[in-house]
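J.: Everything in the sequence shown is counted per this note's numbering, starting at 1 for the first residue and increasing by one.
What follows is a single structure, and I will ask about it in a moment.
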Amino acid sequence: MSDLLFHYCPTQSFHSIIKNGSIWLSSLTLSNDSKEGLLATEFLLNRINAANLTEKQANTAKEMVNEFHEISDGLGFCLSKENDRLSQWRGYADDGKGFSIGFSKDYLQNEIASQNHGHGADITLEEVIYSEEKYSEYLDKVLDFLKTIDERQGDLNTWIKELIVNRYKIKNKAFEEESEWRLLTFFLNKVNQDSVQFRPSVNRLTPYVPLELVNRNNAIRKVVIGPKNITPEPVVEKFLHLWGYGDAKVTKSKATYR
Numbered sequence: 001m002s003d004l005l006f007h008y009c010p011t012q013s014f015h016s017i018i019k020n021g022s023i024w025l026s027s028l029t030l031s032n033d034s035k036e037g038l039l040a041t042e043f044l045l046n047r048i049n050a051a052n053l054t055e056k057q058a059n060t061a062k063e064m065v066n067e068f069h070e071i072s073d074g075l076g077f078c079l080s081k082e083n084d085r086l087s088q089w090r091g092y093a094d095d096g097k098g099f100s101i102g103f104s105k106d107y108l109q110n111e112i113a114s115q116n117h118g119h120g121a122d123i124t125l126e127e128v129i130y131s132e133e134k135y136s137e138y139l140d141k142v143l144d145f146l147k148t149i150d151e152r153q154g155d156l157n158t159w160i161k162e163l164i165v166n167r168y169k170i171k172n173k174a175f176e177e178e179s180e181w182r183l184l185t186f187f188l189n190k191v192n193q194d195s196v197q198f199r200p201s202v203n204r205l206t207p208y209v210p211l212e213l214v215n216r217n218n219a220i221r222k223v224v225i226g227p228k229n230i231t232p233e234p235v236v237e238k239f240l241h242l243w244g245y246g247d248a249k250v251t252k253s254k255a256t257y258r
């Protein structure tokens, strides 16, 4: 299943995705990881402090990194390489009562990432990194850029985008079991406001950008029914067929969890 990436969700979210033919890239700073976006900022600031920079270069670099953190937010649709992992069922699919939706990786890269979604920033499919060591190559590139920022003003907009998006490619090692991939984009506060929508939950309002699943039958290739979900496989198959996903394979989780 290396060509598929799985989104774990409650039954209500599964129903909405299938029926409405859309997915939501939601605010990552309001996710279950309190260090979301902060970890990369901390790593980068530590690297700046340890680097051979002039005082002016170091101060400029720190100001830029801190400003990016204040003015932007990452938006993501979270997926996993694993299609039937107990921790994912428990954490993201209503304690096993929901579904795992297997999206085609090629579809996400080619159909979704190329969509004109109206808020200006690119959408990319990224594999999450769980260690500073693996992130080092990127941090070194950032430092090289910051050292010569005065001579490279023409590249500034490109690097601003890259800095913001890469903040959301690294997570705490404690989350490594999730084997996460993300559809990623970002918005700038007070700039992209018209294109961002908001959804309510128990204790927050969460910004999000909706994306349409064009050519639906190519989008979803497999659906796994959660270990506590009692929906029969034929019912799920009929539901998928009704809304244009007739080729998706339906299976039941092998997790013995109740």
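C-beta: ideal position from N, C-alpha, C; glycine also.
Because the structure is a prediction, the values reported are computed rather than measured.
Which runs of the beta strand (DSSP E) at least 3 residues long sit entirely within the region 66 to 115? Give them in chain order.
T.: Segments of the beta strand (DSSP E) lying fully in the region 66 to 115: 72 to 80 and 99 to 104.
J.: Can you find the residues in the same chain that come closer than 6 Å, C-beta to C-beta, to Met1, ignoring five residues on each side of it along the sequence?
T.: With a pLDDT of 47 at Met1, under the threshold of 50, the modelled position of this residue cannot be trusted, and the question is left open.
J.: My output table needs one value for Tyr208: the three-state DSSP class, helix, strand or coil.
T.: Three-state DSSP puts Tyr208 in a strand.
J.: Going straight from the alpha carbon of Val224 to that of Phe99, what length do you get?
T.: Distance between the alpha carbons of Val224 and Phe99 is about 6 Å.
J.: Excluding the 5 residues flanking Ile48 on each side, which residues of the same chain have their C-beta closer than 8 Å to its C-beta?
T.: Around Ile48: Ala58, Ala61, Lys62, Val65, Leu143 and Leu146.
J.: Could you please give me the residues that DSSP links to His7 through a beta bridge?
T.: Answer by DSSP bridge pairing, in chain order: Ile101.
J.: Take Phe77 and list the residues in its own chain whose beta-carbon comes closer than 6 Å to its own, dropping the five residues that flank it on each side.
T.: Ile23, Leu25 and Leu183, listed in sequence order.
J.: Distance, Cα to Cα, Lys134 vs Leu38?
T.: Roughly 17 Å between the two C-alpha positions.
J.: Within the chosen definition, does the region 239 to 246 reach the region 101 to 116 through at least 3 CB pairs nearer than 8 Å?
T.: With a cut-off of 8 Å, the region 101 to 116 and the region 239 to 246 do not count as touching, because too few Cβ pairs lie within range.
J.: Enumerate in chain order the residues of its own chain whose CB-to-CB distance from Arg204 is below 8 Å, with the five nearest sequence positions on each side excluded.
T.: Hits under 8 Å: Leu30.
J.: Measuring straight from C-alpha to C-alpha, what distance separates Ser260 and Val128?
T.: As shown, the chain starts at 1 and ends at 258. That puts residue 260 outside it, with no answer to give.
J.: Pull up the DSSP beta-bridge partners for Pro200, would you.
T.: DSSP output for Pro200 lists Leu205 as bridge partner(s).
J.: Do Gly96 and Gly226 come within 8 Å of each other at the CB atom, strictly closer than that value?
T.: Yes, the pair counts as a contact, with Cβ atoms nearer than the cut-off.
J.: Do you know how far the Cα of Ala113 is from the Cα of Leu125?
T.: Looking at the two C-alpha atoms, the distance is approximately 7 Å.
J.: Report the residue from Ile101, Asp94, Leu86 and Leu28 whose alpha carbon sits nearest the alpha carbon of Val236.
T.: For the residues Ile101, Asp94, Leu86 and Leu28, the minimum Cα distance to Val236 belongs to Ile101.
J.: What residues match up with Glu180 in a beta bridge as DSSP calls it?
T.: Looking at the DSSP assignment, Glu180 forms a beta bridge with Ser80.
J.: Identify, in the order they occur along the chain, each residue of the same chain with its Cβ nearer than 8 Å to the Cβ of Gly74, setting aside the five sequence neighbours on each side.
T.: So the qualifying residues of the chain are Ser27, Leu28, Thr29, Glu36, Gly37, Ile164, Val165, Arg167, Tyr168, Leu184, Thr185 and Phe186.
J.: Cα-Cα, which of Ala51, Pro232, Ala50 and Ala93 is closest to His7?
T.: Looking at the Cα atoms, Ala93 is the closest of the given residues.
J.: Check whether the Cβ atoms of Ile79 and Arg221 lie closer than 8 Å to each other.
T.: This sequence places Leu at residue 79; Ile is not what is there. No, Cβ-Cβ distance for Leu79 and Arg221 is not below 8 Å.
J.: How long is the line joining the alpha carbons of Tyr213 and Thr41, rounded to whole angstroms?
T.: Looking at the sequence itself, residue 213 is Leu, so the reference to Tyr does not match. Straight-line Cα distance between these residues: approximately 33 Å.
J.: At the level of alpha carbons, what is the spacing between Asn217 and Pro210?
T.: Rounded to the nearest angstrom, the two C-alpha atoms are 19 Å apart.
J.: In terms of DSSP beta bridges, what is Phe187 paired with?
T.: DSSP lists Asp73 as partners of Phe187.
J.: Note down, in chain order, each residue of its chain lying with its Cβ closer than 8 Å to the Cβ of His69, except the 5 sequence neighbours on either side.
T.: Closer than 8 Å at the Cβ level, and outside the excluded window around His69, lie Gly37, Leu38, Thr41 and Arg167.
J.: Could you give the first and the last residue of the continuous beta strand (DSSP E) run that contains Glu42?
T.: Taken as a continuous stretch (DSSP letters only), Glu42 belongs to no beta strand (DSSP E), being part of the alpha helix (DSSP H) at Leu38 to Ala50.
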